[in-house]
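Asker: Chains as they are written, first to last, in my numbering: chain A, 1 to 285; chain B, 286 to 601. We treat Cβ as the ideally placed atom computed from N, Cα and C, and that holds for glycine.
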Amino acid sequence: MKSNAKVKKRFRAGVFFGRFFLYLFLILLAVICATPFYIMIINATRPSFEITQGLSLIPGHNIVQNYRNMIVATPIWQGFKNSLIIAVSSTILSGYFGALTAYAFSKFRFKGNKVLFWFVLVTMMIPPQLGLIGYFMLCIKLHLINTYWALILPTIATAATVFFIKMYMDANIDIALLEAARIDGGSEFYIFNRIVLPIAMPAVAVMSLLNFIFSWNNYLSPLVLLMEKKKFTLPILIALVKGVYKQDFGAQYLAVAISIVPIMIAFMFFSKYIISGITAGALKE
Amino acid sequence: MRKFLFKKDNYGYLFLMPFFITFFVFQLYPILYTLYLSFTNTSMTNPTGVWPTGSSFGFGNYIRLFTDNFFHRSIYSTWRIWIVNFIPQLIFGLGLASILTRSKIRGKELFRGVYFLPNLVTAASIALLFNMLLGWEYGPINQILVALRIIGEDAKIHFLFDVGWARTSVSVILWWMWFGHSMILFMAAMVAVPKQYYDAAAVDGAGAWHSFWKITLPLIRPVMIYVLVTSLIGGMNNFDIPFIIGEGQALGGTLVSQQATRTMVMHLYMMAFRGDSQKGYGAAVAFAIFIMVLILSIIIFKSMTRKDTGGRRAAR
């Protein structure tokens with residue numbers, strides 16, 4: 001009896017230490033994930049000579065001067081605006097036309113439906129820069145080079161969006177509802193815009209979030225397709241920052257912080273939907 | 286009634302039109318045009334693309350791929366950067382996912398969010414941030430290592446200038462960005478595994494380690510294949526971070542000793558859009574990358590599905 005209690009006690013101690021180290025590990029990893037962002041925010045408020053002298057846990061008071069130094073050479077808000085124009089337009093186009101394409105695949109029985117849908121699935125596997133050089137040449141011919149159209153128009157055909165929304169429509173839109181609307185005399189476009197799109201909205205919203213993030217973070221194609229500094233997106237401007245300020249670390253940290261903090265704030269609100277969008281793709285395969 | 290249905294279903298074609306027109310004009314045509322360019326000698330100084338032999342069509346670019354040492358180096362760098370990032374990413378992803386789904390952890394959502402956050406931030410910003418954090422000699426990471434007495438004051442590490450460290454640094458940054466993403470996918474798969482399996486295994490006396498290998502891993506294999514293939518495709522197309530970190534650090538530069546972080550897509554970009562803008566050769570590089578990834582993906586899918594049937598047979 002006595003030894004049994006001892007064993008139990010030792011077992012509990014083992015569990016306690018196991019838990020302790022588990023939490024220690026999880027917290028350490030969380031610190032590794034968060035520290036770069038923390039250092040970034042702190043250093044954005046400190047003068048460069050202090051940054052080179054050592055780390056600090058509390059913010060400095062040089063943020064205004066850093067901002068003045070930074071804004072002279074980097075039109076960061078212009079970059080913000082440019083990125084926003086491109087990301088919002090691409091998101092709307094890919095969402096609307098993605099839903100329209102998904103609707104055709106999900107609810108219309110025409111010849112070649114299955115084959116064409118397989119075709120869409122295959123295009124998901126094509127890496128984006130495979131046709132980049134050809135696209136660059138095409139844009140020169142069509143006079144789309146150095147315009148936002150070159151980045152916005154291709155998003156009408158976003159295969160992953162079609163795939164995800166079709167799955168949702170298959171499960172959530174009853175064909176009887178559409179038949180009823182047709183009998184009431186609704187035109188096909190009316191039915192899509194007023195009935196199908198609102199029902200599919202949760203799926204459209206999730207995909208739109210992912211498309212927005214993708215467009216916002218995209219670096220290579222705007223780098224190739226945009227030529228003028230006033231048209232540059234935020235990632236291109238940020239990448240240029242390194243060469244512009246040389247030893248002015250405060251200004252560099254501040255520029256990076258301005259590009260990252262909005263994403264961190266948006267993440268707090270949308271993380272649930274983003275995660276559901278990302279996992280849905282993997283689980284359906 | 287039949288006529289009505291036929292007419293209705295024709296709208297399907299109409300609704301598909303924008304997608305397919307866009308796809309053909311803005312995606313498929315550029316790919317085919319790139320393929321065509323890869324057989325020409327097109328560059329800034331030779332816009333017609335004629336080969337020295339006088340013909341306008343030839344395999345010169347593809348032959349050049351086999352003799353271009355920069356390209357060979359970029360293949361090696363790309364693979365090394367990817368593998369050194371992927372193996373720990375897989376281990377951390379699987380480990381964290383099983384910890385957060387199977388044990389009662391306080392603040393589960395918070396941990397999950399913090400681990401996932403680096404994945405959403407613009408790669409360009411991450412690259413610049415780490416460019417400063419890893420800087421020699423006043424970079425915060427060197428400062429932390431000195432403060433913790435892991436390295437001496439006079440032994441600060443050239444994270445971005447040393448050839449070996451530069452690749453490893455890029456791998457670590459990619460690991461930092463992606464292990465949370467893998468974890469989230471594995472968690473979603475693990476939640477779907479029925480609890481009864483684990484209960485039954487526990488009754489039979491199986492420990493947590495044993496049930497992880499015998500129950501969890503086989504059941505989440507489809508998601509593991511997905512993570513492997515998507516990570517491979519992403520890894521082979523790696524550009525943003527090595528490009529921004531390498532540029533100006535002389536690591537993406539022209540000297541052979543400074544090529545440590547030049548990946549295959551960086552080589553493509555440098556060839557096709559910098560210097561003499563050798564569009565023809567750049568196009569050949571693009572297709573070489575694509576074919577490499579395609580063959581690997583097919584091998585992965587084939588070997589994984591074959592193992593699948595073998596495993597089932599053994600279970601019987």
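Kindly indicate if chain B contains any beta-carbon less than 8 Å away from that of Phe17 of chain A.
Answerer: Here residue 17 of chain A refers to the residue found at position 17 of the first sequence. Judged by the 8 Å Cβ criterion, Phe17 of chain A is not in contact with chain B.
Asker: Spatial neighbours of Ala571 of chain B within its chain, please: C-beta separation below 7 Å, excluding the five flanking residues on both sides.
Answerer: Within the second sequence, numbered from 1, the residue matching residue 571 of chain B stands at position 286. Here the set comprises Thr319 and Leu553.
Asker: Locate the alpha helix (DSSP H) running through Leu418 of chain B, then write down its first and last residues.
Answerer: The residue labelled residue 418 of chain B in the question sits at position 133 within the second sequence. Unbroken alpha helix (DSSP H) run through Leu418 of chain B: Ala408 to Leu418.
Asker: Rounded to a whole number of angstroms, what is the C-alpha to C-alpha distance between Ile236 of chain A and Asn523 of chain B?
Answerer: For the purposes of this step, residue 236 of chain A is taken as residue 236 along the first sequence, with counting starting at 1. For the purposes of this step, residue 523 of chain B is taken as residue 238 along the second sequence, with counting starting at 1. Computed Cα separation, rounded: 17 Å.
Asker: Have a look at the DSSP bridge pairing and note the partners of Asn331 of chain B.
Answerer: As a working mapping, residue 331 of chain B is identified with position 46 in the second sequence. Its beta-bridge partners are B:Ser328.
Asker: Let's test the definition: count the other Cβ atoms within 10 Å of the Cβ of Glu188 of chain A and tell me whether it reaches 16, buried, or not, exposed.
Answerer: What you label residue 188 of chain A is simply residue 188 of the first sequence in a count that begins at 1. Buried: at least 16 other Cβ atoms inside 10 Å.
Asker: When you compare the CB positions of Val196 of chain A and Ile175 of chain A, do they come within less than 8 Å of one another, or not?
Answerer: Numbered from its first residue, the first sequence carries residue 196 of chain A at position 196. Numbered from its first residue, the first sequence carries residue 175 of chain A at position 175. Not closer than 8 Å, so no.
Asker: Tell me which same chain residues have a C-beta within less than 7 Å of the C-beta of Tyr103 of chain A, skipping the five on either side of it?
Answerer: Mapped onto the first sequence, residue 103 of chain A falls at position 103. Excluding residues within five positions, the ones whose Cβ falls inside 7 Å are Met169, Phe192 and Val196.
Asker: Rounded to the nearest angstrom, how far is the Cβ of Gly243 of chain A from that of Ile51 of chain A, given a contact under 8 Å?
Answerer: Here residue 243 of chain A corresponds to residue number 243 of the first sequence, with the count starting at 1. Here residue 51 of chain A corresponds to residue number 51 of the first sequence, with the count starting at 1. Contact doesn't hold; Cβ gap of about 18 Å is too wide.
Asker: Scan the stretch 42-55 of chain A for residues whose Cβ lies nearer than 9 Å to a Cβ of chain B and list them as they occur along the chain.
Answerer: For the stretch 42-55 of chain A, which is checked against every Cβ of chain B, the residues closer than 9 Å are Asn43, Ile51, Thr52, Gln53, Gly54 and Leu55.
Asker: When you compare the CB positions of Leu55 of chain A and Pro425 of chain B, do they come within less than 8 Å of one another, or not?
Answerer: Your numbering for residue 55 of chain A matches position 55 in the first sequence. Your numbering for residue 425 of chain B matches position 140 in the second sequence. Yes. Within cutoff.
Asker: Secondary structure at Tyr314 of chain A, three-state DSSP: helix, strand or coil?
Answerer: Nothing about residue 314 of chain A can be read from this structure; chain A reaches only from 1 to 285.
Asker: Could you tell me the alpha carbon to alpha carbon distance between Ile86 of chain A and Thr233 of chain A, rounded to whole angstroms?
Answerer: The residue given as residue 86 of chain A occupies position 86 in the first sequence. The residue given as residue 233 of chain A occupies position 233 in the first sequence. Their backbone Cα atoms lie some 9 Å apart in a straight line.
Asker: Compare the C-alpha of Ile625 of chain B against each of B:Val514, B:Phe377, B:Ser454 and B:Pro479 and name the closest.
Answerer: Coverage of chain B is limited to positions 286 through 601, which leaves residue 625 of chain B absent and any answer about it impossible.
Asker: Let's see if you can read the secondary structure: which residues bound the alpha helix (DSSP H) around Gln481 of chain B?
Answerer: Here residue 481 of chain B corresponds to residue number 196 of the second sequence, with the count starting at 1. Gln481 of chain B -> alpha helix (DSSP H) spans Lys480 to Val488.
Asker: Residue ranges of each alpha helix (DSSP H) run of no fewer than 4 residues wholly in the stretch 547-581 of chain B, ordered along the chain?
Answerer: Whole alpha helix (DSSP H) segments, 4+ residues: 549-558.
Asker: From the DSSP output, in three-state form, read off Asn523 of chain B for me.
Answerer: Looking up residue 523 of chain B in the second sequence gives position 238. In the structure shown, Asn523 of chain B sits in coil (DSSP, three-state: anything other than H, G, I, E or B).
Asker: For a cutoff of 8 Å on Cβ pairs, would you count Trp216 of chain A as touching chain B?
Answerer: Reading the first sequence from its first residue, position 216 is the one you call residue 216 of chain A. Yes, its Cβ sits closer than 8 Å to a Cβ of chain B.
Asker: Closest by CA to Trp364 of chain B, which one among B:Thr590, B:Phe305, B:Ile348 and B:Arg547?
Answerer: Taking the second sequence and counting its residues from 1, one reaches residue 364 of chain B at position 79. Of the listed residues, the one whose Cα sits closest to Trp364 of chain B is B:Arg547.
Asker: Could you have a look at Gln53 of chain A and say whether DSSP puts it in helix, strand or coil?
Answerer: Working through the first sequence from its first residue, we reach residue 53 of chain A at position 53. Three-state result, Gln53 of chain A: helix.
Asker: In angstroms with no decimal places, state the Cα-to-Cα distance between Leu419 of chain B and Gly343 of chain B.
Answerer: As a first step, residue 419 of chain B must be located in the second sequence, where it is residue number 134. As a first step, residue 343 of chain B must be located in the second sequence, where it is residue number 58. Roughly 45 Å between the two C-alpha positions.
Asker: Counting only Cβ-Cβ distances shorter than 9 Å, please list the residues of the stretch 406-420 of chain B near chain A, keeping chain order.
Answerer: So the list reads Val406, Thr407, Ala408, Ala409, Ser410, Ile411, Ala412, Leu413, Leu414, Phe415, Asn416, Met417, Leu418 and Gly420, given in the order they occur along the chain.
Asker: Got a sec: is the Cβ-Cβ distance from Phe396 of chain B to anything in chain A below 8 Å?
Answerer: Here residue 396 of chain B refers to the residue found at position 111 of the second sequence. Yes, Phe396 of chain B counts as interfacial toward chain A.
Asker: At the level of alpha carbons, what is the spacing between Ile257 of chain A and Ile39 of chain A?
Answerer: Position 257 of the first sequence, counted from the first residue, corresponds to residue 257 of chain A. Position 39 of the first sequence, counted from the first residue, corresponds to residue 39 of chain A. One point to set straight first is that residue 257 of chain A is Ala, not Ile, in the sequence displayed. When rounded, the distance between both Cα atoms is 10 Å.
Asker: For Ile584 of chain B, count neighbouring Cβ atoms within 10 angstroms of its own Cβ and tell me buried if that reaches 16, exposed if not.
Answerer: Here residue 584 of chain B refers to the residue found at position 299 when the second sequence is read from its first residue. Counting Cβ neighbours within 10 Å, Ile584 of chain B comes out exposed, since fewer than 16 surround it.
Asker: Is there a C-beta anywhere in chain A that falls below 8 Å from the one on Gly378 of chain B?
Answerer: For the purposes of this step, residue 378 of chain B is taken as residue 93 along the second sequence, with counting starting at 1. No, no contact with chain A.
Asker: With distances taken from CA atoms, which of A:Leu84, A:Lys107, A:Gln65 and A:Ile42 is nearest Lys293 of chain B?
Answerer: Mapped onto the second sequence, residue 293 of chain B falls at position 8. Comparing Cα-Cα distances from Lys293 of chain B to each of A:Leu84, A:Lys107, A:Gln65 and A:Ile42, the minimum goes to A:Lys107.
Asker: Would Phe401 of chain B and Gly465 of chain B qualify as a contact pair, given that the criterion is a beta-carbon distance under 8 Å?
Answerer: In the second sequence, the residue the question calls residue 401 of chain B occupies position 116. In the second sequence, the residue the question calls residue 465 of chain B occupies position 180. Yes. Within cutoff.
Asker: Output needed for Met70 of chain A: all residues of its chain with C-beta closer than 6 Å, excluding positions within five of it in sequence on either side, in chain order.
Answerer: As a first step, residue 70 of chain A must be located in the first sequence, where it is residue number 70. Closer than 6 Å at the Cβ level, and outside the excluded window around Met70 of chain A, lie Ala251, Leu254 and Ala255.
Asker: When you compare only the Cα positions, how much space is there between Val120 of chain A and Phe110 of chain A?
Answerer: Sequence index remark: in the first sequence, residue 120 of chain A carries index 120 (1-based). Sequence index remark: in the first sequence, residue 110 of chain A carries index 110 (1-based). In a straight line, the C-alpha of Val120 of chain A is about 16 Å away from that of Phe110 of chain A.
Asker: Mark Trp461 of chain B as exposed unless 16 or more other C-beta atoms lie within 10 angstroms of its C-beta, in which case mark it buried.
Answerer: As a first step, residue 461 of chain B must be located in the second sequence, where it is residue number 176. Result: buried.
Asker: Give every residue of the same chain whose Cβ lies closer than 6 Å to the Cβ of Ser90 of chain A, excluding the five residues on either side of it in the sequence, and list them in chain order.
Answerer: Here residue 90 of chain A is taken as the residue at index 90 of the first sequence, counted from 1. Excluding residues within five positions, the ones whose Cβ falls inside 6 Å are Ile152, Thr155 and Ser215.
Asker: Using a Cβ-Cβ distance cut-off of 8 Å, determine whether Leu100 of chain A contacts chain B.
Answerer: By 1-based counting over the first sequence, the position of residue 100 of chain A is 100. Cβ-Cβ to chain B under 8 Å: yes for Leu100 of chain A.
Asker: Have a look at Val224 of chain A and Ala557 of chain B and give me their C-alpha separation to the nearest angstrom.
Answerer: Along the first sequence, one-based indexing puts residue 224 of chain A at 224. Along the second sequence, one-based indexing puts residue 557 of chain B at 272. Looking at the two C-alpha atoms, the distance is approximately 10 Å.
Asker: Which of the residues in the stretch 349-377 of chain B, read from start to end, lie with their CB under 9 Å from any CB of chain A?
Answerer: Of all residues in the stretch 349-377 of chain B, Phe377 have a Cβ within less than 9 Å of some Cβ in chain A.
Asker: Rounded to the nearest angstrom, what separates Tyr273 of chain A and Leu116 of chain A at their Cα positions?
Answerer: Here residue 273 of chain A is taken as the residue at index 273 of the first sequence, counted from 1. Here residue 116 of chain A is taken as the residue at index 116 of the first sequence, counted from 1. Spanning the two alpha carbons is a distance of roughly 29 Å.
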